[in-house]
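**Q** Have a look at the structure that comes next, please.
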Amino acid sequence: MSDSTSFFGDPDPIFANKDLLRVQHLPDKDRIIGRDEELTQLANAIKDAAHGRTPNNVLVYGKTGTGKSLCTKYITNDLVSSAEENDVSVGVAYVDCFQDSTETQTVRSIADSLNDPDETDIKIPMSGLSTSDYYRRLWNILEDRYDVGLVILDEIDKLDSDDVLMQLSRAAESGKIEDSTLGIIGISNKIRYKETLNERVRSSLSERNLVFAPYDAKQLGEILNSRIDAFREGVVEEAVIPKIAALAAREHGDARKAIDILRYAGESAYERGHESVREIHVDEAHEREERNRLSELISKLPSHSKHLLNALALQAQQHDDDDPEIPTEDIYSLYEIMCKQEGTDPLKNRRVRDLLSELEFLSVIHQQHKGRGRGRGAHTVNQLVDEPKLVIKACKSA
DNA sequence: CCTCCACAGGAATTTGCGGGGT
DNA sequence: ACCCCGCAAATTCCTGTGGAGG
Numbered sequence: 012m013s014d015s016t017s018f019f020g021d022p023d024p025i026f027a028n029k030d031l032l033r034v035q036h037l038p039d040k041d042r043i044i045g046r047d048e049e050l051t052q053l054a055n056a057i058k059d060a061a062h063g064r065t066p067n068n069v070l071v072y073g074k075t076g077t078g079k080s081l082c083t084k085y086i087t088n089d090l091v092s093s094a095e096e097n098d099v100s101v102g103v104a105y106v107d108c109f110q111d112s113t114e115t116q117t118v119r120s121i122a123d124s125l126n127d128p129d130e131t132d133i134k135i136p137m138s139g140l141s142t143s144d145y146y147r148r149l150w151n152i153l154e155d156r157y158d159v160g161l162v163i164l165d166e167i168d169k170l171d172s173d174d175v176l177m178q179l180s181r182a183a184e185s186g187k188i189e190d191s192t193l194g195i196i197g198i199s200n201k202i203r204y205k206e207t208l209n210e211r212v213r214s215s216l217s218e219r220n221l222v223f224a225p226y227d228a229k230q231l232g233e234i235l236n237s238r239i240d241a242f243r244e245g246v247v248e249e250a251v252i253p254k255i256a257a258l259a260a261r262e263h264g265d266a267r268k269a270i271d272i273l274r275y276a277g278e279s280a281y282e283r284g285h286e287s288v289r290e291i292h293v294d295e296a297h298e299r300e301e302r303n304r305l306s307e308l309i310s311k312l313p314s315h316s317k318h319l320l321n322a323l324a325l326q327a328q329q330h331d332d333d334d335p336e337i338p339t340e341d342i343y344s345l346y347e348i349m350c351k352q353e354g355t356d357p358l359k360n361r362r363v364r365d366l367l368s369e370l371e372f373l374s375v376i377h378q379q380h381k382g383r384g385r386g387r388g389a390h391t392v393n394q395l396v397d398e399p400k401l402v403i404k405a406c407k408s409a
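Per our numbering, the first sequence starts with residue 12, numbered consecutively.
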């Protein structure tokens with residue numbers, strides 16, 4: 012601690028408005044840096060909606076932290092207000108397909124965010140309806156409230172079926188909705204995503220394609236500078252922002268991570284009781300950012316997946332071997348023991364294999380098929396992608 | 001190069017949940 | 001109040017298979 016005697020009373024010596032460094036924070040237009048080209052293209056693609064006509068469907072590509080979601084949210088907000096001036100009502104539904112990955116969940120989520128139960132007298136329950144019921148309600152809501160519906164599907168590549176896309180893209184032509192119309196904006200970080208779609212959906216979904224390039228050091232610097240107001244005047248030393256920008260540009264060009272690092276740097280300066288943010292804080296912040304990414308991912312996992320990961324990490328630690336391959340059956344037996352100690356009953360073997368392959372899909376672990384020779388069967392071995400220590404820590408805290 | 005079998009993973013089935021309809 | 005439905009998660013059932021040892 013510093014020599015300050017008060018824990019809450021004194022004003023924060025480092026931060027003036029920390030909210031500016033939250034990822035969710037949606038900046039004004041003049042704070043969106045280096046995406047003018049992309050914003051114009053996006054606006055052009057969907058501008059028809061402002062006049063009540065059907066907008067183009069768009070696919071937006073780009074690595075994480077390149078401003079895809081941010082720009083899409085900004086431009087759709089803008090569209091809603093300029094449509095209002097023309098007496099056109101536009102409804103925007105934002106869906107994170109990582110969370111709502113099944114067809115039913117996606118439709119439900121779209122319907123829910125476009126709905127206003129007081130106005131439409133339509134209720135959208137969390138579950139209990141058939142998928143087609145959700146669709147029916149969605150169409151009714153659209154006709155009731157909006158001239159144009161815009162559906163933003165973030166992380167669209169995480170969808171486990173094309174059916175939603177199919178339904179949405181032909182809603183208008185098949186006469187499900189008559190007075191309203193619908194546009195889709197798909198956001199993906201896999202450039203090859205389009206190739207995995209069937210022909211019918213592909214052509215209608217990708218009427219326009221946009222690619223967001225990673226930010227370079229100069230742009231990252233500007234982005235960070237635009238949020239400098241989060242700090243008290245003069246506490247961030249000059250070298251700090253260029254250093255973070257260079258670091259982030261070299262590694263990934265991810266603005267979200269760059270902002271996280273800046274925030275962590277501020278926090279670590281605060282914790283040490285320093286009155287300015289210096290270069291040494293950046294190095295700490297960088298490490299902290301990497302650790303946090305993993306624990307955030309793990310904390311969103313279902314509890315049984317966490318236990319499995321924990322079991323795998325513990326066994327990996329037993330081996331002196333670096334990056335040991337652990338057979339599934341070993342993970343399972345340790346997992347069983349852990350569950351019994353904790354008083355929850357363990358899942359069966361088959362389910363566990365499914366959960367493990369989900370973890371592989373999330374690239375938290377790596378799996379490999381191996382045979383064991385005559386009369387000894389074949390099995391799968393599992394490896395952690397990250398350090399066992401980090402994983403165990405993340406499992407505990409979650 | 002063939003063989004042999006424990007585990008992999010697809011398919012069918014059950015369970016639990018949160019709703020409608022009557 | 002009751003029964004019935006669809007979905008997701010979990011379980012049961014069962015065929016397919018990788019690859020070291022013969």
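Even glycine gets a Cβ: it sits at the ideal position worked out from N, Cα and C.
What are the complete alpha helix (DSSP H) segments, minimum 4 residues, inside the stretch 88-143?
**A** 114-125 and 128-131
**Q** Assign H62 to one of two classes, buried (16 or more other C-beta atoms within 10 Å of its C-beta) or exposed (fewer than that).
**A** exposed
**Q** What would DSSP say about I25, mapped onto helix, strand or coil?
**A** Residue state, collapsed to three classes: coil.
**Q** What separation, rounded to the nearest whole angstrom, lies between the Cα atoms of D170 and E249?
**A** It is worth fixing the name first, because residue 170 is Leu in this sequence and not Asp. Their backbone Cα atoms lie some 44 Å apart in a straight line.
**Q** In three-state terms, what does DSSP make of P338?
**A** strand
**Q** From the DSSP output, in three-state form, read off I404 for me.
**A** Before going on, a small fix: residue 404 reads as Lys here, not Ile. Looking at K404 - three-state DSSP - the assignment turns out to be helix.
**Q** What's the gap between the Cα of I26 and the Cα of L320?
**A** In the sequence under discussion, the amino acid at residue 26 is Phe, which differs from the Ile named in the question. Answer to the nearest angstrom: the Cα atoms are 37 Å apart.
**Q** Tell me whether the beta-carbon of L31 lies closer than 8 Å to the beta-carbon of L273.
**A** no
**Q** Looking only at its own chain, which residues have a Cβ that is under 8 Å from the Cβ of S368, when we skip the five neighbours before and after it?
**A** Q378
**Q** Which residue's Cα is closest to the Cα of S237: P24, L37, P357 and Q352?
**A** L37
**Q** Note down the Cα distance separating E206 from V246, rounded to an integer number of angstroms.
**A** 49 Å
**Q** For V375, report the span of its alpha helix (DSSP H) as first-last.
**A** From DSSP, V375 is part of no alpha helix (DSSP H); its letter is neither H nor E.
**Q** Which residue comes first and which comes last in the beta strand (DSSP E) that contains N220?
**A** Per DSSP, N220 belongs to the beta strand (DSSP E) from R219 to F223.
**Q** Helix, strand or coil: which one does DSSP assign to V247?
**A** strand
**Q** Taking the CB atoms as reference points, tell me whether S191 and Y157 lie closer together than 8 Å.
**A** Yes. Within cutoff.
**Q** Per DSSP, which one or two residues make a beta bridge with V159?
**A** V101 and T192
**Q** Note down the Cα distance separating P240 from P24, rounded to an integer number of angstroms.
**A** Contrary to the premise, residue 240 reads as Asp rather than Pro in this sequence. P24 has its alpha-carbon roughly 13 Å from the corresponding atom of D240.
**Q** Kindly indicate which three-state DSSP category Y72 falls into: helix, strand or coil?
**A** strand
**Q** Report the partner residues of H380 according to the DSSP bridge assignment.
**A** T391
**Q** Would you mind stating whether Y275 and E300 have Cβ atoms separated by less than 8 Å?
**A** yes
**Q** By alpha-carbon positions, which one of L161, D294, S199 and Q326 ends up nearest to I86?
**A** Considering only alpha carbons, the answer is L161.
**Q** Quick check on S17: buried or exposed, where buried means 16 or more other Cβ atoms within 10 Å of its Cβ?
**A** Bear in mind that a pLDDT of 48 at S17, under 50, signals an unreliable position, so the number given afterwards is only what the model happens to contain. That one is exposed.
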